[in-house]
Structures are given as C-alpha cells and as structure tokens.
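Engineer: Counting in this note's numbering, the sequence shown runs from 118 upward without gaps.
Yeah, the Cβ is synthetic: ideal placement off N, Cα and C, and Gly gets one too.
This is the structure I want to talk about, given as structure tokens.
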Amino acid sequence: MTLPPVSSPAVPDAGHRAGAVTAIGYTASYHREMTPALLSLSLLLRGVAPPDFGRAFTWCELGFGQGVNLAVAAATHPQGRFFGTDVNPEHAAHAAGLARAAGLGNLAVEALDFDAYDRLDLPPFDVVALHGVWSWVGEGPRRRIVDFLRRRLKPGGVAYVSYNALPGWAPYMPLRRLLTAHAAQGQGAQAPLPERIAAALGFLRRLAREGGYFAVNPAVLPRLEELAERPAAYLAHEFFNAAWTPDYSADVFAALTGADLSFAAPALASDHADVLPEGARALLAEVADPALRETVRDTLTNQPFRRDVFVRGPRTLDPAERDRRLDALPFAALAPARTLPGIARLPHGELPLDRDAGMALLEALADGPASLEALAARAPEVARLGRARLRAALVQLHALARIAPAPGGEAMGAAGSDAWNRLVLARSLDGDTLSALASPVLAGAVETDRLERLFLLASVRGVDPAAFAWSVLAARGEAVLRDGRLLEGEAANRTELAERAAAFRRARLPLLARLGCVPSRT
C-alpha cells in the first residue's frame, strides 16, 4: 500500500488541529541522529544488534514536520520504503512536494491526526520515528502512538523517540507558561501568531530585568535570550501546542512497555562518551534498574532533551561479536586532524581526549572511508595503538562529530542523492530553507549554510563563487552577516564573500566531494 500524495489544502483558521499548531509551519530542520546509519551505530555501541538496512526495509515517521529527514533517508536508501504522517496539512503538502521535485518514488506522506491511524493500510515497519512529538501531545494521542507501535512495529524493530526531559526542563517550564498565556491574553491577542510570540518574548525579557524567579534561577535568563533569537516557526511548535508535557525518562520507558519496547541506547553521539566524574559514575553503578538509572543519569547531567532508541525484543551481542562488527564498520572523516582539540567540551562536561589515537585515525581516514580493520591492516601507525584504544578513540571522535559511519559506499544512493542535492541548491537561490545535502557515502546528510550552498552551486556551474553569491544576495536586497551585523556596501560584501569562498574551496568543497554531496549538474 502507498499513501497518496496530498495537495495543498488551506490551513485551518483556528491555527490548531488536534491540539497542534498549524497556523505556522515548523522549521525545515534535519536531525542526523534520526537516520539508519546513526541508529545502527548507537545500538551497536550498546551491544544490541541493529536492523540490516542494507536490504529492503520499511520506515515510518509520525509527525515529520517539513519532511526533510524522510526525504534525505528516501534519497540515500533506494532499498527502503518510507511513510510519514503529520497533523499539519501544510507540512504534508511540503513533504509531498519535496518527494515529487526530487523524484523520490519510495516516499509517501499523509496529513493525518492520531485518531485516524486505524484507517491506514500500512505494512509492518522496521523503524518508527517520532522527533519531539511525544512532548507535544496529550494522553489520548500518546496511547494511540503506543498502540500504533504495538501493531505496526516488527519483532526486532526500532523506535526512535525524542522528548523534553525532566529534571532538565523543570527550570524553564514557567517560560512556556508565561509565553503561551501572554500570547493568548495579552495586548494584541488576535494578532497573527508570530506577532504574539514576539510580544510575549518582549514582555518576558522586561520581566526578567526585575529579578524574582530569574534572579533565583540564573540559568533561565540565557535560555530566554537564546529563545529570543529563534524563528517564530520554531517557537510556535516547541511551546504553543495545546498539550505540552516534559517527562522523566523512566515514565516514557514505562509507557512504551505497552508496545513491548525496551530502552536500548541513546541516539545522540555525545551521550556515548562518558563525561561523568568518578563519584557520579559510582553512584550510577549502584542503580540496577535500567529505567531508574537513566533518570538518575538525567539528574546528574541536568538533561533537558532526550533522544532514545527502543527495540522490540532486542538481541544482545556478546562483547566479541560487538567488537567484530564495530571493527568492520567503515567510517568517514568529517574534519581534518588539525582541528582536533586537546579537551572537548560536550553538553554535559569535558571529555579528555586520547588525542594521539584520534589524530592517527583522522589522518588515516583523510584518504577516504575505511574500517578499523582495514586501517589497522594498511597503516602500522594505527595498528600499533591496539584495537581497544582505537575503539575508544572512535567513540570520542563520533561524539565530537569528527567522523561518521559510512555504510553506503557511493553507488547505492548516488542517483537519489544527486537529485535531492540539485533541489537543495536550487532552493538556496530563493532563501535559506533546506540545508541538508545528501551523502550516499554516509547514507545521510551534511548540513551546510546558505553561502556554502551558493558557492557549491557556482562551482558546479563553473562560475566565480563569490561573484555568483553576491549577485544572488544583491538581487534579493540581502547582505552578508559578520559578527552578528550585516555588512554595508557592495565592496565590503564582495571582499567578505571572496574570503569565505576561498576558505570553502580549500576545505569544505573537498570534503563535500569526498562524501558525494556535489551534484553532477544543476
């Protein structure tokens, strides 16, 4: 069964459908951890057998936003079939448009709320993914999500669920309450939602200057300032849904047992690098229950957002098999060795790096993707470090996004990636909407900024990148942003663009080429 592509229906006037914001579309973001390659690696690092994504598989995303993750996955995995539902008709229309424009015949989407899931004639799925949705729906939709997972996820199937987590979110909960209340009841309550969000943020910033809660909780003010820099599309969906509930991880784990799911691994790369001090690790070791242990970990790290991987009937790998699989997995370098710091600052602490091992791996991977097994066979300077040390360094480099699994080679997803990347580059002419360039090597994507995409488009067309970028910006009345300020005058903009284009040509362009992100034509 395939879901029919949807047209572009009018957005409901009320701005909500099934309690979800629909008056304004969500951001077109890409989440690298929500991909087959990264989910597989997360499971492998925790000693759980991942699905075989090299064969035919099925994938479903519930609440896909603008559909970027679905589209990239479909482009880089022609062997997969991808389905998605979203409550917002505008989102569904956008995702369907992406699929049509990039020729993704293995992707189908539908505008649907949770009450209508029973109407769908869908296949069983290898993966069901939900990014943030769990936090934005009430108890009724949550029960229907669990029922969908119970009925539709295959034995051994994977569920990715991300959500606002306690206790990390606790200090910021008053921000959400005040934002939504002011937007609903303050002056101009009938104005368009973006205007009401801006007014509510302005009110909260003035409120913060008076101390009180903000003085007692000093971490809240930087969070408020960070939110003030976010686009209205992000804030509307993060804060303004009718239902909004952060959860303790143990409670989410308990809810998903209703679908026979067990917590298997964190999806975020940095969560696989243990930065807890010795005393905290000792406390954590005292907790036998896996669900409570994760909640204790969240308390130690003050975790505000979790990205979790669950499995129905996980198969545990013995340490030797896990190591064999990890040693055979190809990785690609995402940055040159010279950029590796001595100490890395991760969200929850400092990570003391094994810099010698990390440098050796990055230098060896500069020639192209390879497995630890292959590197040890051809590079004596790598082999002498020993497999255990190399595996530990690999985890550190993964946590720092200096490397990524490269399961795809270049052949399997090359055609779909090429078509998707032509679309992304074409869209860069009109604004900054799509940032993820598909990589058949990574079986995922590389995020880029708009200037990088304009430089890449110019390179593919064989024209001067800086001059081309300026012609695009000038035609739209735009300018280059430097140090938080827009440059004034053509000369200043051209000079800045020339410097950035040269830096792009030296470092970024060769990387994009190695990863298969440069389209054959535009």
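Alpha carbons only, please: which of G485, W537, A494 and E467 is nearest the one belonging to Q513?
Structural biologist: On the sequence shown, position 396 is the one that residue 513 refers to. Checked all of G485, W537, A494 and E467; the closest Cα to Q513 is E467.
Engineer: If I measure Cβ to Cβ from A336 and keep anything under 8 Å in the same chain, skipping five residues before and after, which residues do I get?
Structural biologist: Within the sequence shown, the letter at position 219 stands for residue 336. Here the set comprises P288.
Engineer: Give the single residue among A145, L162, T152 and S146 whose Cα lies nearest to the Cα of A676.
Structural biologist: For the chain, the structure presents residues 118 to 639; residue 676 sits outside this window and is missing.
Engineer: What did DSSP end up calling E595 once you bin it into helix, strand or coil?
Structural biologist: Walking along the sequence shown from the start, residue 595 turns up at place 478. Correct three-state label for E595: coil.
Engineer: Near E607, what residues of its chain come up, given a Cβ to Cβ distance below 8 Å and the 5 sequence neighbours on each side ignored?
Structural biologist: Here residue 607 corresponds to residue number 490 of the sequence shown, with the count starting at 1. Same-chain partners within the cutoff: W587 and A591.
Engineer: A555 and S534 look like a contact to me (Cβ under 8 Å); what is the Cβ gap, rounded to whole Å?
Structural biologist: Against the sequence shown, residue 555 aligns to sequence position 438. Against the sequence shown, residue 534 aligns to sequence position 417. Indeed, because the Cβ distance is near 4 Å, the residues count as touching under 8 Å.
Engineer: Ends of the beta strand (DSSP E) at S379?
Structural biologist: On the sequence shown, residue 379 is found 262 positions in, with the first residue counted as 1. L378 to P383 is the span of the beta strand (DSSP E), which, as asked, contains S379.
Engineer: Counting C-beta neighbours from all protein chains within 10 Å, is the total for S637 16 or more, i.e. buried, or is it exposed?
Structural biologist: Taking the first residue of the sequence shown as 1, we reach residue 637 at position 520. So S637 counts as exposed.
Engineer: Tell me the residue span of the beta strand (DSSP E) that contains V428.
Structural biologist: Taking the sequence shown and counting its residues from 1, the one referred to as residue 428 is at position 311. That run of the beta strand (DSSP E) goes F422 to R429.
Engineer: By the 10 Å Cβ neighbour count, where 16 or more other Cβ atoms means buried, how is L629 classified, buried or exposed?
Structural biologist: As a first step, residue 629 must be located in the sequence shown, where it is residue number 512. Looking at its Cβ environment, which holds 16 or more other Cβ atoms inside 10 Å, L629 is buried.
Engineer: For Q420, does the count of other Cβ atoms within 10 angstroms reach 16, so buried, or fall short, so exposed?
Structural biologist: Working through the sequence shown from its first residue, we reach residue 420 at position 303. Buried, by the Cβ-count rule.
Engineer: Measure the CB-CB distance between A376 and L310 and report whether it falls below 8 Å.
Structural biologist: One-based indexing of the sequence shown puts residue 376 at position 259. One-based indexing of the sequence shown puts residue 310 at position 193. No, they are not a contact pair.
Engineer: Please list, in chain order, all residues of the same chain as A452 whose beta carbon is under 7 Å from its beta carbon, the five residues on each side excluded.
Structural biologist: As a working mapping, residue 452 is identified with position 335 in the sequence shown. These residues qualify, in order along the chain: R519.
Engineer: List the endpoints of the continuous alpha helix (DSSP H) containing L158.
Structural biologist: On the sequence shown, position 41 is the one that residue 158 refers to. Unbroken alpha helix (DSSP H) run through L158: P153 to L162.
Engineer: Considering only their Cβ atoms, is the gap separating A449 from L632 smaller than 8 Å?
Structural biologist: For this step, residue 632 is matched to residue 515 along the sequence shown. For this step, residue 449 is matched to residue 332 along the sequence shown. Taking 8 Å as the Cβ cut-off, L632 and A449 qualify as a contacting pair.
Engineer: Given that a residue counts as buried once 16 or more other Cβ atoms are within 10 Å of its Cβ, and exposed if not, what is D169?
Structural biologist: In the sequence shown, residue 169 corresponds to position 52, counting from 1. D169 should be labelled exposed.
Engineer: For D238, name the three-state secondary structure that DSSP assigns.
Structural biologist: Position 121 of the sequence shown, counted from the first residue, corresponds to residue 238. Note: D238 maps to coil in three-state DSSP.
Engineer: Bridge partners for A246 per DSSP, in chain order?
Structural biologist: Indexing the sequence shown from 1 puts residue 246 at position 129. Paired residues: E178 and Y277.
Engineer: Can you tell me whether Q196 is buried or exposed? The criterion is at least 16 other CB atoms within 10 Å of its CB, across all chains shown.
Structural biologist: Sequence index remark: in the sequence shown, residue 196 carries index 79 (1-based). Q196 is exposed by the Cβ-count criterion.
Engineer: Use the C-beta contact count for R268: other C-beta atoms within 10 angstroms, 16 or more gives buried, fewer gives exposed.
Structural biologist: In the sequence shown, counting from the first residue as 1, residue 268 sits at position 151. With fewer than 16 Cβ atoms within 10 Å of its Cβ, R268 is classed as exposed.
Engineer: Take the Cβ of T433 as the centre, count every other Cβ of all protein chains shown within 10 Å, and call the residue buried at 16 or more, exposed below.
Structural biologist: Locating residue 433 in the sequence shown gives position 316, counting from the first residue. So T433 counts as exposed.
Engineer: For the pair the segment 437-447 and the segment 397-417, tell me if three or more CB-CB distances fall below 8 Å.
Structural biologist: Too few Cβ pairs lie closer than 8 Å, so no.
Engineer: Give the straight-line distance between the Cα atoms of R625 and G328, rounded to the nearest whole angstrom.
Structural biologist: If you number the sequence shown from 1, residue 625 lands on position 508. If you number the sequence shown from 1, residue 328 lands on position 211. The alpha-carbon atoms of R625 and G328 are separated by roughly 45 Å.
Engineer: Using the three-state DSSP reduction, which class does G533 fall into: helix, strand or coil?
Structural biologist: Here residue 533 corresponds to residue number 416 of the sequence shown, with the count starting at 1. Of the three classes helix, strand and coil, the one that applies to G533 here is helix, per DSSP.
Engineer: Going by the beta-carbon positions, is the gap between A523 and P458 smaller than 8 Å?
Structural biologist: If you number the sequence shown from 1, residue 523 lands on position 406. If you number the sequence shown from 1, residue 458 lands on position 341. Contact flag unset, no.
Engineer: Nearest-angstrom Cα distance between L321 and I314?
Structural biologist: For the purposes of this step, residue 321 is taken as the residue at position 204 of the sequence shown. For the purposes of this step, residue 314 is taken as the residue at position 197 of the sequence shown. Using only the alpha carbons, I get a separation of about 11 Å.
Engineer: So what does DSSP say about D264, is it helix, strand or coil?
Structural biologist: In the sequence shown, counting from the first residue as 1, residue 264 sits at position 147. D264 falls in the helix class under three-state DSSP.
Engineer: With a threshold of 6 Å on Cβ separation, who are the neighbours of F174 within its own chain once the five nearest residues in sequence on each side are excluded?
Structural biologist: Sequence index remark: in the sequence shown, residue 174 carries index 57 (1-based). Same-chain partners within the cutoff: G197 and D243.
Engineer: Can you find the residues in the same chain that come closer than 7 Å, C-beta to C-beta, to S387, ignoring five residues on each side of it along the sequence?
Structural biologist: Position 270 of the sequence shown holds residue 387. So the list reads L463, P464 and A516, once near-sequence residues are dropped.
Engineer: In the structure shown, what three-state DSSP assignment does T362 receive?
Structural biologist: As a working mapping, residue 362 is identified with position 245 in the sequence shown. In the structure shown, T362 sits in coil (DSSP, three-state: anything other than H, G, I, E or B).
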